[in-house]
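Numbering (UniProt numbering), first residue to last: 1 to 150. The next block holds one structure in the form of structure tokens; read it before the comments.
Below is the structure:
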């Protein structure tokens, strides 16, 4: 929590086919059944990167080796404010699997924007930013390493 704003880190993982990994919230969680990027709350005294690394190890069984801040989206709920802090996962190790009972699936850009329910103004912004990633990089190889296009 930063003041009375919750800080949530999320990992954007894109496979070599250009598909994005999303996780379904488990039945015991608030907003059960909704789809989101994997991640979770940053703990007190923890950096955003450390929180992201911890959360993705706990949820997916992977180790984040390299990640870059990608987009921050502030959101106001009736009871609290949240800062969604999304990082592009550029290198990871381990095999992705759902360790907390959550569903996982790979989705295309349009399904990603639809599933996550971005407001129209944010969906356009996020969609444009995704286009930039997909255009300017080749995608993850089997070892989840990104490579710049020449």
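For each residue, glycine too, the CB sits at the ideal point set by N, CA and C.
Indicate the three-state DSSP secondary structure (helix, strand or coil) for residue 97 in the structure shown.
Of the three classes helix, strand and coil, the one that applies to residue 97 here is coil, per DSSP.
Taking the alpha carbon of residue 128 as the reference point, which residue from 110, 54 and 117 has its own alpha carbon closest?
Closest by alpha carbon: 110.
Measuring CB to CB, does residue 94 end up less than 8 Å from residue 52?
Cβ atoms of residue 94 and residue 52: not closer than 8 Å.
Terminal residues of the continuous beta strand (DSSP E) containing residue 50?
Judged by DSSP secondary structure, residue 50 falls outside any beta strand (DSSP E) and instead within the alpha helix (DSSP H) spanning 48–60.
Please report the residue range of the beta strand (DSSP E) in which residue 12 lies.
It spans 5–12 - the beta strand (DSSP E) in which residue 12 sits, taken as one unbroken run.
Which class does residue 16 belong to by DSSP, given the choice of helix, strand or coil?
Shown here, residue 16 sits in coil according to DSSP, grouped into three states, outside any helix or strand.
Thinking residue 48 and residue 85 are a contact (beta carbons under 8 Å), I'd like their distance in whole angstroms, please.
Contact flag correct, Cβ pair sits at about 5 Å.
Under the three-state reduction of DSSP, which class applies to residue 90: helix, strand or coil?
It is a strand residue.
Cβ of residue 75 less than 8 Å from any chain B Cβ?
In the structure shown, chain B cannot be found, because there is only a single protein chain.
Local conformation of residue 132 per DSSP, three classes:
Helix, per DSSP.
At what residues does the beta strand (DSSP E) containing residue 104 begin and finish?
Looking at the DSSP string, the run of the beta strand (DSSP E) that includes residue 104 is 103–107.
Buried or exposed for residue 23, going by 16 or more other Cβ atoms inside 10 Å?
Buried, since its Cβ has 16 or more Cβ neighbours within 10 Å.
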